[in-house]
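Here the structure comes first, spelled out in structure tokens, and everything after it is commentary.
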Amino acid sequence: MYSATIKNNAFELEKDSKGISLAGNLVDFDIQQVNDRFFKISKEGITYTLELVSIDETTKSLKVKLNNKPAEIQIKDKFDRLLEKLGINMNQSSAAKDIKAPMPGLIFDLKVAEGDTVKKGDPVLILEAMKMENILKSPGDGVIKKIKIKKGDSVEKNQILIQF
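Residues 32 to 195, numbered by this note's numbering, are exactly what the sequence shown covers, in order.
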């Protein structure tokens, strides 16, 4: 199951052997690829031209033109939807933002100190939750401004742990 957002309107999509379903209803249309950027879409005798302008794999977004009208499409797969449901924001921007607790737990270890420079993906702390150690990583490049917790602290979901 996928979710596509266009102009703040979310659509539920599912692809299976029968085709593509939109909100549970099978969509009947024909897609022909003209070249690597252009597609012809036909539905009920009406033909549309779709141009793929750009793809940003880190943000899972597409910029397209449908009959020369620009649109941006944000795609979420089942994993993105699961993370969103768990309250984990996987914002892919390059500038680091505050790190919040994705779930209640205990601070098992801190890997950074205030003033440290971190790169996207660097481990910053270990959160123990449900008898599992979860390594929280930096969401982007930045300098640690404030660490609001210490080793051994109990934290609640969405509590700010580290500020950049």
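The beta carbon of each residue, even a glycine, is placed where N, CA and C say it ideally should be. Every value quoted in this text rests on a predicted model; they were computed, and no experiment measured them.
Taking C-beta atoms as the reference points, isoleucine 106 and leucine 97 fail to come closer than 8 Å.
For a cut-off of 8 Å, the C-beta gap from lysine 131 to leucine 44 is around 29 Å, too long to register as a contact. Ranked by Cα distance from leucine 53, the options Ala35, Asp67, Glu103, Val65 are led by Ala35. Per DSSP, leucine 53 is one residue of the beta strand (DSSP E) stretching across 50 to 53.
Inside the stretch 70 to 137, DSSP marks whole alpha helix (DSSP H) runs of 4 or more residues at positions 109 to 116, from first to last along the chain. Of the residues assessed, leucine 167 falls on the buried side of the cut-off, its CB having 16 or more other CB atoms within 10 angstroms.
By the Cβ-count criterion, proline 133 is buried, with 16 or more other Cβ atoms from all chains shown falling within 10 Å of its own Cβ.
According to DSSP, alanine 160 shares a beta bridge with Met163.
Beta-carbon to beta-carbon, glycine 171 and lysine 142 are separated by about 16 Å, too far to satisfy the 8 Å threshold. Straight through space, the alpha carbons of lysine 151 and aspartate 184 are spaced by roughly 25 Å. Taking a contact as a CB-CB distance under 8 Å, the pair valine 155 and serine 169 counts as one, their CB atoms being some 5 Å apart.
For lysine 182, the CB contacts under 8 Å within the same chain, skipping 5 residues up- and downstream, are Ile138, Phe139, Asp140, Leu141 in chain order. Taking the Cα of lysine 100 as reference, the smallest distance to any Cα among Glu82, Asp47, Lys91 is reached at Glu82. Looking at the DSSP output, isoleucine 37 shares a beta bridge with Asn40, Ile104.
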